[in-house]
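Asker: This is the structure I want to talk about, given as C-alpha cells.
Chains as they are written, first to last, in this note's numbering: chain V, 14 to 127; chain Z, 11 to 124.
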C-alpha cells in the first residue's frame, strides 16, 4: 500500500513570494492534517481536512491556508513568505472514521525562504 | 511549562542495550499516545499507538502509559545501530488530534553505538 506522498520535496523561495505544497494521502484515508516542523518549535499543528472541509485549525496566521479535493488530495498554501516560514512541512493522513486515530506522515516538503 | 516535555539528548548507548525513552505531560485530557521515529531528513514513522493507560508490546518495542503520573515511556530491547534516530512522543485528547491536533514532544536523539 503506497504511503503518504508529498511534493515537492525541496523548494527555495524568497521573502514575499507564495508557495503551494501538495499531499496525496494513503488510499482510502479521508482525513489529511498538516504540520510544520522547525528545530526551535518542533512539530506544530496547522490544520486538518476531512471530506473537503477544514475540520480543525492550529494557531497560525491567515497566510497559511489549505484545501482538500474530492479525491482526498490536499494542498496547503503560504502567502507573503517570511524568513521564519522556513521549515519542514509534513502531511499526515488517517482513515478518519472513529478509532483508531493513527496518523501516518509523509516525507515532508522542505521549504527554505531566503 | 510546556504541555509535553521530552529530553532532547543525545542519548548514546551500546548496541544490544535496553533503551528507555520518556515524556511527561501536563494535560490530563490526553488519552491517545503515540511514539514516532524520525530519521534525518525523513518524515516521522509511527512506531506505537496506545489508548489510555497500560502497556503495549510490538517486537522489540514496548510502550507504557501511566496517566496517574502523566508519564509515558518507550522501551527498545536489543537495540541496533539502525535504531539510531530521533524519537518523538505525541498525544491528544481525541483520535487523530482533534481541535489542537497532536501535541508533540521535541524529540530525543538516540545513538546506538556498534
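Every residue, glycine too, gets a C-beta built ideally from N, C-alpha and C.
In angstroms, rounded to a whole number, what distance separates the CA positions of residue 46(V) and residue 24(Z)?
Answerer: As a working mapping, residue 46(V) is identified with position 33 in the first chain. As a working mapping, residue 24(Z) is identified with position 14 in the second chain. Cα to Cα, residue 46(V) sits roughly 37 Å from residue 24(Z).
Asker: So who's on the other strand from residue 119(Z), going by DSSP bridges?
Answerer: As a position in the second chain, residue 119(Z) is number 109, starting the count at 1. BP columns for residue 119(Z) point to 96(Z).
Asker: Going by other Cβ atoms of all chains shown within 10 Å of its Cβ, with 16 needed for buried, is residue 21(V) buried or exposed?
Answerer: For the purposes of this step, residue 21(V) is identified with residue 8 of the first chain, where counting begins at 1. So residue 21(V) ends up on the exposed side.
Asker: Using beta carbons (cut-off 8 Å, strictly below), is residue 56(Z) in contact with chain V?
Answerer: Translated into the one-based positions of the second chain, residue 56(Z) becomes position 46. Cβ-Cβ to chain V under 8 Å: yes for residue 56(Z).
Asker: Under a Cβ-count criterion, where at least 16 other Cβ atoms within 10 Å of its own Cβ denotes burial, should residue 75(V) be classed as buried or exposed?
Answerer: Position 62 of the first chain, counted from the start, is the residue given in the question as residue 75(V). It counts as exposed.
Asker: Hey, residue 90(V) and residue 51(V) are a contact pair by Cβ (cut 8 Å); roughly how many whole angstroms apart?
Answerer: Indexing the first chain from 1 puts residue 90(V) at position 77. Indexing the first chain from 1 puts residue 51(V) at position 38. Residue 90(V) to residue 51(V), Cβ: 19 Å. No contact.
Asker: In chain V, which residues lie less than 7 Å from residue 112(Z) when you measure between Cβ atoms?
Answerer: Residue numbering aside, residue 112(Z) sits at position 102 when the second chain is read from its first letter. Per Cβ cutoff of 7 Å: 58 and 116.
Asker: Who are the Cβ neighbours of residue 98(V) in its own chain at under 7 Å, not counting the five residues just before and after it?
Answerer: On the first chain, residue 98(V) is found 85 positions in, with the first residue counted as 1. So the list reads 91, 124 and 126, once near-sequence residues are dropped.
Asker: Kindly list the residues whose CB is nearer than 6 Å to the CB of residue 28(Z), restricted to its own chain and excluding five residues on each side of it in sequence; keep chain order.
Answerer: For the purposes of this step, residue 28(Z) is identified with residue 18 of the second chain, where counting begins at 1. Contacts found: 87.
Asker: Which term fits residue 79(V), buried or exposed, when burial requires 16 or more other beta carbons within 10 angstroms of its beta carbon?
Answerer: Counting from one through the first chain, the residue named residue 79(V) turns up at place 66. Residue 79(V) is buried by the Cβ-count criterion.
Asker: Ends of the beta strand (DSSP E) at residue 17(V)?
Answerer: Sequence index remark: in the first chain, residue 17(V) carries index 4 (1-based). Where residue 17(V) is concerned, there is no enclosing beta strand (DSSP E), given that its DSSP letter is neither H nor E.
Asker: Apart from the five residues just before and just after residue 37(Z), which ones in its own chain have a Cβ nearer than 6 Å to its Cβ?
Answerer: Reading the second chain from its first residue, position 27 is the one you call residue 37(Z). These residues qualify, in order along the chain: 13.
Asker: Give the DSSP bridge partners of residue 81(V), in chain order.
Answerer: As a position in the first chain, residue 81(V) is number 68, starting the count at 1. Residue 81(V) pairs with 87(V).
Asker: One question on the structure: do residue 19(Z) and residue 119(Z) come within less than 8 Å of each other, judged by their Cβ atoms?
Answerer: Mapped onto the second chain, residue 19(Z) falls at position 9. Mapped onto the second chain, residue 119(Z) falls at position 109. Residue 119(Z) is positioned such that its CB atom lies closer than 8 Å to that of residue 19(Z).
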